[in-house]
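Note that UniProt numbering has the sequence shown beginning at 1, numbered continuously upward.
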Amino acid sequence: MAAAAMEPREVKLYGAWGSAHAAMARNALALKGVRYEYVEEDLDNKSETLLRLNPVHGKVPVLVVDGRPLAESLVIIEYADEAWPEGRGYPPALLPGAPSARAAARFWARFFHDEVSPLSRAVVLADARAEREELAREVKERMAVMEAGIAEDFPCGGEEGPFVHGRSPGLLDVILGSCSAGTRVLSAVSGVDIVEPGATPRVHASVAAFDELAAGFGTTVPHELLLARLLERKARSRAAAA
């Protein structure tokens, strides 16, 4: 009997087009073979349901399993990995089996969340081209730090396959790959190549391989459309503040 048949669940995910963090949750659920209902949110006019499900931050993604809401992309990814485990017939785990490797994956996931994502947003919001370029170079430097950490903590991954852990995508691949459109936006507005095969070969390989998976999942966001959406929201924000 299939694992999904043994464990019937009502699963619903609240997300938003262009949200990298919502894409992380969608891609993780797809990799784990989880069937779910997707609810698109308008971040400029958030629903009362979203605010009720995530009263602390009022953000997407929010995963609702049998009526219980779970917020934050990293929390959702790890929950999905544990709730639909490989041992019960679901696809391979997103985190490594060894405790030290799991800890390393969590460290670099948090590094990206805390050190890279906020700075990436600052690049888009900056008005002056010189400021955008300077901030983008700092993003690139932090990605180089992550590249070095991946090479040290997961040395066999690059030899066995394109993903961080080798043949199968894991936590870090989900995070990096889900942000590929945003990374291309940063390069477009700053003129700085954030991820390139020469400077960040492991990250570049992971993102390129994950792009193919995301296309199959239907979670790909064309970076030109994402850039237009971000610039539109930026203009509205500036006009409202004037």
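Where a beta carbon is used, it is the ideal one built from N, C-alpha and C, also for glycine. These figures come from a predicted structure and were not determined experimentally.
{"Query": "Closer than 8 Å: P169 CB and nearest the ligand NAD heavy atom", "Result": "The ligand NAD is not part of the structure shown, which contains no ligands of any sort."}
{"Query": "Residues near M1 by beta carbon distance below 6 Å, same chain, minus five either side", "Result": "Per-residue confidence for M1 stands at a pLDDT of 36, beneath the threshold of 50, marking its modelled position as unreliable; the derived number appears in the next sentence. Here the set comprises nothing."}
{"Query": "Given 8 Å, three or more beta-carbon pairs between the stretch 209-218 and the stretch 173-191", "Result": "yes"}
{"Query": "Cα-Cα separation, H223 to L230", "Result": "10 Å"}
{"Query": "Straight-line Cα distance separating A71 from N54", "Result": "7 Å"}
{"Query": "Secondary structure, alpha helix (DSSP H): runs of 4+ residues fully inside the stretch 76-152", "Result": "99-111 and 117-125"}
{"Query": "Given 8 Å, three or more beta-carbon pairs between the stretch 79-87 and the stretch 28-44", "Result": "yes"}
{"Query": "Proximity to L94 [Cα-Cα], best of L227, L186 and S168", "Result": "S168"}
{"Query": "DSSP-derived helix/strand/coil call for A228", "Result": "helix"}
{"Query": "Distance between A101 and V124 (C-alpha atoms, nearest Å)", "Result": "33 Å"}
{"Query": "C-alpha gap between R9 and V60, whole angstroms", "Result": "21 Å"}
{"Query": "Own chain, CB closer than 6 Å to D173, minus 5 neighbours either side, in chain order", "Result": "F163, V164, S206 and F210"}
{"Query": "Closest residue to V192 among A103, V139 and L226 (Cα-Cα distance)", "Result": "V139"}
{"Query": "Spatial neighbours of V195 in its chain, beta-carbon cut-off 7 Å, leaving aside the 5 residues before and after", "Result": "M143, T183, V203, H204 and V207"}
{"Query": "Bounding residues of the beta strand (DSSP E) (the contiguous stretch that carries L63)", "Result": "V62 to V65"}
{"Query": "E37 versus P96 - alpha carbon distance", "Result": "28 Å"}
{"Query": "Integer-rounded CB distance, given that V62 should sit under 8 Å from P69", "Result": "5 Å"}
{"Query": "For D66 and F154, the rounded distance between their alpha carbons", "Result": "36 Å"}
{"Query": "Nearest residue (CA-CA) to A23, options P99, A130 and A215", "Result": "A215"}
{"Query": "DSSP-derived helix/strand/coil call for K59", "Result": "coil"}
{"Query": "7 Å CB neighbourhood of T200 in its chain, flanking five on each side removed", "Result": "M143, A144 and E147"}
{"Query": "Under the three-state DSSP convention, the category V185 falls into", "Result": "helix"}
{"Query": "Candidates A122, H21 and E41: closest to S190 by CA position", "Result": "A122"}
{"Query": "Supposed close pair A109, L13 - CB separation, criterion 8 Å", "Result": "Contact doesn't hold; Cβ gap of about 19 Å is too wide."}
{"Query": "Sequence-distant residues of its chain with Cβ nearer than 6 Å to R132 (five each side left out)", "Result": "V123, A126, V189 and S190"}
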